[in-house]
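Asks: Mapping of the sequence shown onto this note's numbering: residues 243 to 597, in sequence order.
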Amino acid sequence: MSKEFTFKLAFEDFDVSLLGDDAKQDEFSSNVSEFFAKQFAGFGGRARVIVNDAAQEIEVHWTKEANWKDPKDKVLELLNDGKLTTALPMLWTLVQNDPSDADNLYHLGVVYSELRQFDKASATLEQLVEIAPDHVHGLTALGVAEINSGNLLIAEEWLRKATQLDPKNQWALRNLGACLMKQDRHQDASEILSRCLAEAPKDIAAMVGLGEAQEALGDNSTADGLYRMAIQIGGPEHIVDIAKERRTKIAENRMRENSDVRLDVVEYIGMALEKFRTMQPKQIQDLGIEIGLLGTKGLSINDPTKTYKVKSLDGEFTGLQLVSIMYAAFQQFAPGQNVGVDFSKEYQIAADQLG
């Protein structure tokens with residue numbers, strides 16, 4: 243004979259949102275019975291539900307059938323497949339059956355958080371850390387839920403507990419840095435996010451976060467380098483897009499600060515740098531010298547109607563285009579050499595934009 247298991251909960255503790263929008267409010271007993279029957283059937287079990295209106299209590303009796311499957315395995319399958327809304331009622335049921343199971347509490351809290359039900363996430367994860375105060379992932383998840391609820395100081399407290407227990411935890415460090423950024427504590431955030439990158443050098447979320455912190459502290463050069471690195475590493479599209487947007491903003495600010503910058507020269511140098519990526523160093527050097535020699539015979543950089551040809555490139559170019567290409571070429575093999583023009587600002591902007 244199969245062993246029967248039992249758990250009870252009060253009416254007020256039943257999460258009616260799990261019944262769905264179609265559930266009829268005047269059929270609470272049948273809805274609850276149907277709910278638990280469905281959840282246990284998903285594990286290969288059979289549930290019998292007693293709804294006591296007088297005591298305002300639900301009593302669930304269940305047994306394992308021949309096709310019983312460990313509920314944790316079933317839930318993990320659903321979570322790995324991203325089926326959060328399907329996993330949610332199963333997890334909730336498991337927590338009612340055994341409120342001391344840390345794994346189920348953690349997963350339920352994270353699912354609530356992913357579904358943006360942050361109040362329920364916090365309540366569930368608080369229940370977890372009460373029975374497992376050293377649960378680093380639980381503390382971190384609780385901090386994230388509180389960040390999303392706007393409770394930044396509470397979030398910081400939970401996240402600092404997590405980092406004290408595990409000073410190298412990438413997730414805890416990254417989210418603590420984000421929490422500090424939201425409080426405009428940029429120096430503190432910079433230190434925490436630097437620690438995160440020391441442990442996880444390819445964490446582009448931390449990398450972009452550190453870039454934003456450095457930007458807020460006035461170090462645009464370091465910030466731009468971090469954004470460029472994040473783009474090169476790649477990862478979640480929305481994070482890469484943030485890095486690109488921040489780089490564009492820095493470049494625009496730099497142009498405004500340098501009102502004498504020639505945007506046409508920035509464009510010509512950028513095109514040259516793009517072309518150089520497909521050329522050998524000797525070819526770039528020969529091109530720069532060829533244009534330099536042509537310049538000794540006279541190049542009109544102020545006449546856009548007059549064009550020239552060079553052996554190393556197809557097409558015709560204005561004098562300003564050629565001088566811009568020459569300047570970019572010399573920066574590859576003889577940086578700092580006086581070539582007769584100073585396009586250093588334009589070169590820097592073009593190089594930054596190209597990454």
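Don't be surprised by glycine CBs; every beta carbon is placed ideally from N, CA and C. The structure presented is a predicted model; accordingly, all values stated were derived computationally and were not measured.
Enumerated in chain order, which unbroken segments of the alpha helix (DSSP H) with a length of 4 residues or greater are wholly contained in the segment 460–541?
Replies: Listed in chain order, the complete alpha helix (DSSP H) runs (minimum 4 residues) inside the segment 460–541 are 462–475, 479–499, 505–518, 523–538.
Asks: In angstroms with no decimal places, state the Cα-to-Cα distance between Q563 and I543.
Replies: Along the sequence shown, read from residue 1 onward, the residue named residue 563 stands at position 321. Along the sequence shown, read from residue 1 onward, the residue named residue 543 stands at position 301. Taking the straight line from one Cα to the other gives about 8 Å.
Asks: For K245, tell me which candidate among Y569, F270, L260, A308 has the shortest Cα-Cα distance.
Replies: The residue given as residue 245 occupies position 3 in the sequence shown. Checked all of Y569, F270, L260, A308; the closest Cα to K245 is A308.
Asks: Quick check: A344 and Y354, are their CB atoms within less than 8 Å of each other?
Replies: Here residue 344 refers to the residue found at position 102 when the sequence shown is read from its first residue. Here residue 354 refers to the residue found at position 112 when the sequence shown is read from its first residue. Contact flag unset, no.
Asks: With S586 and A514 assumed to form a contact (beta carbons below 8 Å), what rounded beta-carbon distance in angstroms separates them?
Replies: To locate residue 586, count along the sequence shown from 1; it is residue 344. To locate residue 514, count along the sequence shown from 1; it is residue 272. Not confirmed; about 15 Å, so no contact.
Asks: Using a Cβ-Cβ cut-off of 7 Å (strictly less than) and excluding sequence neighbours within five positions of S271, which residues of its own chain qualify?
Replies: Taking the sequence shown and counting its residues from 1, the one referred to as residue 271 is at position 29. So the qualifying residues of the chain are V293.
Asks: Exposed or buried, A431, counting other C-beta atoms within 10 Å across all chains shown (16 or more means buried)?
Replies: Here residue 431 refers to the residue found at position 189 of the sequence shown. Result: buried.
Asks: Alpha carbon to alpha carbon, what distance is there between V378 and K314?
Replies: Your numbering for residue 314 matches position 72 in the sequence shown. Your numbering for residue 378 matches position 136 in the sequence shown. Going from the Cα of K314 to the Cα of V378 covers about 20 Å.
Asks: Among all the DSSP beta bridges, which residues are the ones paired with N294?
Replies: Along the sequence shown, one-based indexing puts residue 294 at 52. Paired residue(s): E299.
Asks: Do S342 and I373 come within 8 Å of each other at the CB atom, strictly closer than that value?
Replies: To locate residue 373, count along the sequence shown from 1; it is residue 131. To locate residue 342, count along the sequence shown from 1; it is residue 100. Contact: yes.
Asks: To which residues of the same chain is G453 closer than 6 Å at the C-beta, ignoring the five residues directly before and after it?
Replies: Taking the sequence shown and counting its residues from 1, the one referred to as residue 453 is at position 211. A465, L468, Y469.
Asks: Per DSSP, which one or two residues make a beta bridge with V552?
Replies: As a working note, residue 552 is residue 310 in the sequence shown. DSSP lists L555 as partners of V552.
Asks: Thinking C-alpha only, which one of V507, T490, K444 is nearest G627?
Replies: Nothing about residue 627 can be reported from this structure: the residues present for the chain run from 243 to 597 only.
Asks: Exposed or buried, which one is Q573 when buried takes at least 16 other CB atoms within 10 Å?
Replies: As a first step, residue 573 must be located in the sequence shown, where it is residue number 331. Buried: at least 16 other Cβ atoms inside 10 Å.
Asks: Locate the beta strand (DSSP E) running through E191, then write down its first and last residues.
Replies: Residue 191 lies beyond the stretch modelled for the chain, which goes from 243 to 597, so this question has no answer here.
Asks: Which first and last residues belong to the alpha helix (DSSP H) in which V386 is found?
Replies: As a first step, residue 386 must be located in the sequence shown, where it is residue number 144. From DSSP, the alpha helix (DSSP H) with V386 extends over 378–390.
Asks: Using 8 Å as the Cβ pair cut-off and three pairs as the minimum, do the segment 589–597 and the segment 532–546 touch?
Replies: Touching, no, given that fewer than three Cβ pairs across the two stretches are closer than 8 Å.
Asks: Give me whichever residues DSSP pairs with A570 in a beta bridge.
Replies: Translated into the one-based positions of the sequence shown, residue 570 becomes position 328. Looking at the DSSP assignment, A570 forms no beta bridge with any residue, so it has no partner.
Asks: Is the beta carbon of N417 sitting closer than 8 Å to the one on I389?
Replies: To locate residue 417, count along the sequence shown from 1; it is residue 175. To locate residue 389, count along the sequence shown from 1; it is residue 147. For N417 and I389, yes; Cβs fall inside 8 Å.
Asks: At the level of alpha carbons, what is the spacing between L439 and A448?
Replies: Position 197 of the sequence shown holds residue 439. Position 206 of the sequence shown holds residue 448. Their backbone Cα atoms lie some 7 Å apart in a straight line.
Asks: Label D584 either buried or exposed according to how many other C-beta atoms from any shown protein chain fall within 10 Å of its C-beta, with 16 as the threshold for buried.
Replies: Position 342 of the sequence shown, counted from the start, is the residue given in the question as residue 584. Per the 10 Å Cβ criterion, exposed.
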